[in-house]
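First the structure, in the form of structure tokens, and then the observations on it.
In our numbering, the protein residues as written are 857 to 1303.
See the structure below:
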């Protein structure tokens, strides 16, 4: 099996985010591996656990805030007298704001540092999170959520760039997988907590509770995250940024990875935006607290994301993406059943497939980009959250038009896109390998 999901080498340690001082004497074509002189962090080494836990907490806060209204959409609809598609904008606005601002935020992180920007982003996001419960109208709520999403844009790209600079290449997928696992825990806990709190005290108290939890995570993050040792200050000049972005968008492999991330997130965003409506209606008619508890299946995503490195090591990146797509497809089909057990099993498979695919695709971006990694990661995150916004809106529209089957059809179409892109990338990699001239035979020894 070819080693890359879309044409990238499977060797995780190959030239991934190596400081200039470490590679100055090494040709670009030669992989750079860990060595005893590598001062970057590795599992079991100094600072690695603190760094992992700090970014885990950042991931928890990011997803808890970003999707704090998703499990509460039926209550938001009832409070403001709006439809499911209108209420879904409280999710789409947040993810859309993140998608729009992640690239500018990544540029700021090149100038002011990853840790500084992540700290400032969390501070603004949690402040807005404490204002959200007091929104007087659906318009004000959507506006606050858009600002919150824009603030959170400083987290994802900066975090992956920080990891690519501070962690040894062989540990990169595992480290990014732990950050993604924090996302899954945040998404799960935010939805479960809001579900039960909202059942007793309403959606406003529920989102306020998430805001307070995010404050604690933000403070702990700042205290725990080690100061960067390999960050090199970049330029804020628009021409430099534009040239870097243009180079990334001209890279076919990166563009395929961006599309894969967007399509996976389209499925996930659509399913979890609408699932509350489905489970609240016949034949299930579940109360809000139970609906919120359904999101405990996010724990599967925690395991799936944190083991993505081992999965890629066994199956290759391409094989991992095929497995993630197949798992997601099986989950979508199972949720069509009218049995709560089948729906739960389907959600488990969708969650496992999504988080595995996301961890592999996002780590491949950091591995592939040889310069401007913050911008490369930012473009991935932008595509990823555009997919989330599109999925939330399209999933709700499809549900309104064709019920749950309409939402599933949208998800299947997106998974088909993932598989098609991966197949195309594999074909392109094989074609490129055939064009590489064979090495010239060694000269015959003189007699």
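From the three backbone atoms N, C-alpha and C, an ideal C-beta is built for every residue, glycine too. A quick note: this is a predicted structure, and the numbers were derived from the prediction, not measured.
At a Cβ-Cβ threshold of 8 Å, residue 1184 and residue 1271 count as neighbours. Between residue 1264 and residue 1206, the C-beta gap is not smaller than 8 Å, which leaves the two residues out of contact.
Of the candidates 1274, 1071, 1188, 1071 places its Cα closest to the Cα of residue 987. Nearest in C-alpha terms to residue 1113, of all of 898, 1223, 1024, is 1223.
Between the C-alpha atoms of residue 1203 and residue 957 there is a straight-line separation of about 30 Å. Scanning 1011, 1210, 1140, 925 for the CA closest to the CA of residue 1180 turns up 1210. If you check the CB distance, residue 1073 and residue 913 come in under 8 Å. A straight-line Cα-Cα distance of about 8 Å links residue 1151 and residue 1043.
Residue 973 holds the alpha-carbon nearest to the alpha-carbon of residue 1077 among 1158, 1160, 973. Taking a 10 Å sphere around the C-beta of residue 1124, we find 16 or more other C-beta atoms and assign the residue as buried. Taking C-beta atoms as the reference points, residue 1147 and residue 1046 fail to come closer than 8 Å. Every alpha helix (DSSP H) stretch that sits fully inside the stretch 1094 to 1118 and reaches 4 residues is listed by chain position as 1094 to 1105. When rounded, the separation of the alpha-carbon atoms in residue 937 and residue 1189 is 32 Å. For residue 1207, the enclosing alpha helix (DSSP H) stretches over residues 1196 to 1224. A straight-line Cα-Cα distance of about 31 Å links residue 1241 and residue 1288.
Distance from the Cα of residue 1016 is smallest, within the candidate group 1058, 1087, 1290, for 1087. Looking only at 959, 1149, 1067, the smallest Cα-Cα distance to residue 1001 is reached by 1067. With contacts defined by Cβ atoms closer than 8 Å, residue 949 and residue 980 do not form a contacting pair. According to the DSSP assignment, residue 908 belongs to the alpha helix (DSSP H) that extends over 904 to 922. In this chain, residue 1089 is not harboured by any alpha helix (DSSP H), its DSSP state being neither H nor E. Rounded to the nearest whole angstrom, the CA to CA distance from residue 977 to residue 1014 is 10 Å. If you check the CB distance, residue 1069 and residue 1217 do not come in under 8 Å.
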